[in-house]
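Engineer:
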Amino acid sequence: MEITDVAPVAMPQRIRGRAWVAGWLTPVPCGERTRAAAALLAERHPVSELLGLDQAPRPRRSGGPAAGVGPAGRAAWTLLRLEVGEAGVDDLWGADGVEPDDFTTAAPDPLARHEADLLQHLHAAHSEQVRGLCALLGDRSAVVCTRGAATPVALDRFGLRVRFTDETDRPFDARFDFPEPVRDVTELRYAMHALFDAATS
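What the sequence shown shows, in full-length UniProt numbering, is residues 1 to 201, in sequence order.
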């Protein structure tokens with residue numbers, strides 16, 4: 001399975017990176033459909049409750065098929081488990097593999113659900129402040145901040161990535177790290193203010 005990461009803000013060369021996961025898909029028996037799996041399905045795909053994906057097939061009633069069973073007597077749906085064999089990431093900083101155990105235990109970034117909205121807000125309402133971060137690039141600012149707008153490209157708990165344009169119209173991505181990882185949007189607000197203040201001081 002390959003996943004392409006595309007920046008939510010319009011710009012040239014919007015692809016931020018690619019990831020791939022390879023492994024084996026195996027059917028999950030009805031008896032192993034735990035509450036945790038059902039909760040995950042309900043969270044990611046609320047319609048699963050309507051389809052009965054959070055339940056084992058029920059006995060047939062009034063001569064009709066059981067819930068979750070098609071008219072031919074076969075299962076109308078199948079819950080599959082992906083057993084990860086290998087995974088990897090390829091982005092602007094290079095390609096690297098991810099160990100299956102690390103992939104399994106990894107937790108989503110706390111800003112992942114909000115990233116698209118936050119980047120679009122920064123681009124629409126704070127473009128001058130984002131461009132002002134160029135002051136934090138030191139000597140390089142004279143080269144990469146001479147023309148064009150600065151565009152926020154990526155945001156996670158560790159920092160903000162901004163795309164600038166150099167004097168030959170080539171894009172240049174700069175990473176601005178927060179003093180410490182943020183845990184939620186409230187902490188992000190303080191971290192962003194600290195970045196903007198550092199750029200103007």
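Quick reminder that beta carbons are idealized off the backbone N, C-alpha and C, glycines included.
Everything numeric in this text was worked out from a predicted model, so none of it was measured.
Tell me whether the beta-carbon of V130 lies closer than 8 Å to the beta-carbon of V162.
Structural biologist: Position 130 of the sequence shown, counting from 1, holds the residue named residue 130. Position 162 of the sequence shown, counting from 1, holds the residue named residue 162. In this structure, the beta-carbon distance from V130 to V162 falls below 8 Å.
Engineer: Quick one: Cα of D197 to Cα of P171, how far?
Structural biologist: Indexing the sequence shown from 1 puts residue 197 at position 197. Indexing the sequence shown from 1 puts residue 171 at position 171. Rounded to whole angstroms, the gap between the alpha carbons of D197 and P171 is 25 Å.
Engineer: Between A67 and L118, what straight-line distance do the alpha-carbon atoms span, to the nearest angstrom?
Structural biologist: As a working note, residue 67 is residue 67 in the sequence shown. As a working note, residue 118 is residue 118 in the sequence shown. Residue placement at A67 is flagged as unreliable, the pLDDT there being 46, under the threshold of 50; the coordinate-derived value follows with that caveat. If you take the alpha carbons of A67 and L118, they lie about 42 Å apart.
Engineer: Whose C-beta lies closer than 7 Å to the C-beta of M1 among residues of the same chain, with five residues either side of it excluded?
Structural biologist: Indexing the sequence shown from 1 puts residue 1 at position 1. W20 and V21, listed in sequence order.
Engineer: Just the Cα atoms here: how many angstroms apart are G85 and T104?
Structural biologist: On the sequence shown, position 85 is the one that residue 85 refers to. On the sequence shown, position 104 is the one that residue 104 refers to. Each residue's Cα considered, the two are about 11 Å apart.
Engineer: One question on the structure: do L122 and L188 come within less than 8 Å of each other, judged by their Cβ atoms?
Structural biologist: The sequence position of residue 122 within the sequence shown is 122, counting from 1. The sequence position of residue 188 within the sequence shown is 188, counting from 1. No, the pair does not count as a contact, with Cβ atoms beyond the cut-off.
Engineer: Just the C-alpha distance for C145 and E167, rounded to the nearest angstrom, thanks.
Structural biologist: Counted from its first residue, the sequence shown places residue 145 at position 145. Counted from its first residue, the sequence shown places residue 167 at position 167. Cα to Cα, the separation comes out at about 8 Å.
Engineer: Pull up the distance between the alpha-carbon of P100 and that of F178, whole angstroms please.
Structural biologist: Within the sequence shown, numbered from 1, the residue matching residue 100 stands at position 100. Within the sequence shown, numbered from 1, the residue matching residue 178 stands at position 178. The straight-line gap from Cα to Cα measures roughly 29 Å.
Engineer: I'd like to check one pair, D109 with R157: are the Cβ atoms closer than 8 Å?
Structural biologist: In the sequence shown, the residue the question calls residue 157 occupies position 157. In the sequence shown, the residue the question calls residue 109 occupies position 109. A contact, by the Cβ cut-off of 8 Å.
Engineer: Report the partner residues of C145 according to the DSSP bridge assignment.
Structural biologist: Position 145 of the sequence shown, counting from 1, holds the residue named residue 145. According to DSSP, C145 bridges with T165.
Engineer: Going by CA-CA distance only, name the one from L92, A42, G88 and P27 that's closest to residue 202.
Structural biologist: With the chain covering only 1 through 201, there is no way to say anything about residue 202.
Engineer: The beta strand (DSSP E) with V98 in it runs from where to where?
Structural biologist: Stepping through the sequence shown from its first residue, residue 98 is reached at position 98. Note, V98: beta strand (DSSP E), G94 to V98.
Engineer: My assumption, with CB atoms under 8 Å, is that G132 sits in contact with T200. Please give the rounded CB distance.
Structural biologist: What you label residue 132 is simply residue 132 of the sequence shown in a count that begins at 1. What you label residue 200 is simply residue 200 of the sequence shown in a count that begins at 1. That belief holds up - the Cβ atoms of G132 and T200 are roughly 6 Å apart, short of 8 Å.
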